[in-house]
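Chains as they are written, first to last, in this note's numbering: chain R, 1 to 274; chain Z, 1001 to 1274. We put the beta carbon where it would ideally sit given N, CA and C, even for glycine.
Protein chains: 2
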Amino acid sequence: MYHPANMLTHNGLAKCWIYPPELEQLMSKPYNRTPSPPTLEFMSCKDCDMYGMCRLASNGEDANVTNTLVKRRFVLRRGEYLYRSGDTFHEIYAVRHGSIKTYIYSNDGRTQITGFHGRGEIIGLDALNGMRFASEAIVLETTNICEISFPHFLGLSRNIPDLQDHMLAIMSHAILRGQQMMLLLGKKNATERLATYLMSLSRHIDKNKSSHPAYKLTMSRRDIANYLGLTQETVCRILARFQEDGIIKIEGKYIYFVDMDRLANLTSESPTEQ
Amino acid sequence: MYHPANMLTHNGLAKCWIYPPELEQLMSKPYNRTPSPPTLEFMSCKDCDMYGMCRLASNGEDANVTNTLVKRRFVLRRGEYLYRSGDTFHEIYAVRHGSIKTYIYSNDGRTQITGFHGRGEIIGLDALNGMRFASEAIVLETTNICEISFPHFLGLSRNIPDLQDHMLAIMSHAILRGQQMMLLLGKKNATERLATYLMSLSRHIDKNKSSHPAYKLTMSRRDIANYLGLTQETVCRILARFQEDGIIKIEGKYIYFVDMDRLANLTSESPTEQ
DNA sequence: GGATAATCATGATCTGGATCAACAAAAAGT
DNA sequence: ACTTTTTGTTGATCCAGATCATGATTATCC
């Protein structure tokens, strides 16, 4: 399997066994070479999109307490790999807090980013056909990850049919997402791609940051461009135009959504649907 | 849900209950407005990629006889819909023989073909999140379809864990396919796209047709172009160039693979993998 | 079988976004 | 604090593939 030279280490050792929320919070605090990491506020399982699934596994009891599905949580920092292509598959992962990018290689070394994954999202599902990861997952900011042993999950789902149904729905959703990306890459122009992408961030938007809903872009312009089948320069230019037009406002890594209706219109999708 | 005006009828009535192979064969024979339909040779379940799954459902017995998983088979003809976007989801479908294209709409009416599906492939898996079809499936030639009731499947898989695993693997594979398409649409040029597409047909290649492996293109140039994020004209030109270069040979709807090694090199993927 | 409509093919022109280039700003490292 | 590296920004130029146009085949329909 092709791997271009890469400075980043595969820090499997950064993983550690499950620990109480207070300690967890402490562990993700500012740390040597990271001047101002995102503050990792305490997050209850109840705020996680995976809560439904975790609760199903716990027979309806509070998943935050029972930990039936998730046996292990750990923290990874920017630049660390969660898995690499070719790794044998044992676990799937849920993002509890933070963000991760996944990408694949063409055989001549070009890469295509296949997704940015935020809180509550499950990744690694592309590996369970073939039992090896075909993609790579790299962490974009200090990220809290729930690890789910796949054999353990299968065992649980034998007795809890709803859990199986839930997984099928999640995988079906991933297939849908792929189809939407085919539409974006195959039929939309650069402006529409950017607008669609920015709108898709709205799910993670922080409404308490300022007068306008804000989002912290943990990925670089280059990453966004790669994901959308464009170049860095084009992404820059279009973001600048959106800002000139008063649709967004950019301040460093933060993007403020000033006029989301207008942004929605630029996606070529009606704003009500999604 | 958006539906552009369309001449073709949603012929749900073309469906009929399961019937013996001989009758089945008879039913798909030449028929009024179809001057020379593809001859539908008798096909045993053993030749179908779904055989493994059907046999699992039948507890290892011959699926051709037991019909545990598939309760109904039917034939659709060119231009008929298998399902349309917005239809409520009850069944998934396996292509037993023939070919089907699936596509989605952007909200302003552009379409993106999301796949061409041949024998042994399962379609409809994108619907089980939301329980409505998000895509449309239209038949490209006289096609033999196995219908699998999804609730029935779920019931079976409760008692047959391997069946569930098999389904997860199939869905995982569909996710992988989507990622590969993102790479193709996001990073490959027109020549590479065509070469990749033609190579992907090799799975269905008929080696007995002539001196060279042959494939009958049941989809139009326009469909291929749409699928690959190109225009009709570009597809035409590149196919013509491939022919000039002695890589393929085109005769009407048939394409002959003259030099598959050279074709594989043009995909940007090493020929050994895939 | 002959009219009509799709589909396919190929040439001429145009353009959205890539590429190239040069610098500014921010991170990371010492 | 100061250097080095990475990331972001903006302008000038170029080109792969879209668009436009026209005719040749091939299906479809009555």
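Residue environment, T88(R), which counts as buried when at least 16 other CB atoms sit within 10 Å: exposed
Cutoff 9 Å: D1126(Z) Cβ touching any chain R Cβ: yes
With 16 other Cβ atoms within 10 Å as the buried cut-off, status of A137(R): buried
Inter-residue Cα distance where the pair is I1092(Z) and E121(R): 26 Å
9 Å Cβ cutoff, H117(R) in contact with chain Z: no
Within chain R, the residues that H1173(Z) reaches when beta carbons sit closer than 7 Å: N129
Cα-Cα separation, S268(R) to N1189(Z): 25 Å
Cβ-Cβ distance between H1212(Z) and V1258(Z) below 9 Å: yes
Three-way DSSP call (helix, strand, coil) for G1086(Z) in this model: coil
Endpoints, the alpha helix (DSSP H) within which N265(R) is located: M260 to L266
Assumed close pair I1145(Z), F1074(Z) - CB separation to whole angstroms, cut-off 8 Å: 6 Å
DSSP three-state assignment for N1159(Z), whether helix, strand or coil: helix
CB of Y1083(Z) within 9 Å of CB of F1133(Z), strictly: yes
Contacts of A169(R) in chain Z (Cβ-Cβ under 7 Å): L1128 and N1129
The region 58-65 of chain R contacting the region 95-102 of chain R, beta-carbon criterion three pairs below 8 Å: no
Separation of Y254(R) from L282(R), as counted between CA atoms: It is not possible to answer for residue 282(R), since the shown part of chain R is limited to 1 through 274.
Own chain residues within Cβ distance below 6 Å of T68(R), not counting five before or after: A57 and S58
Contacting positions in the region 102-114 of chain R - beta carbon closer than 7 Å to chain Z: I104, S106, N107, D108, R110, Q112 and T114
Closer than 9 Å to chain Z by CB, I57(R): It is worth fixing the name first, because residue 57(R) is Ala in this sequence and not Ile. No, because no Cβ of chain Z sits closer than 9 Å to the Cβ of A57(R).
Residues within the region 148-168 of chain R neighbouring chain Z, beta-carbon criterion of under 8 Å: L154, S157, R158, P161, Q164, D165, M167 and L168
Contact check, L201(R) vs R193(R), beta carbons under 9 Å: no
Below-9 Å beta-carbon distance, N1067(Z) vs any chain R residue: no
DSSP three-state assignment for F1133(Z), whether helix, strand or coil: coil
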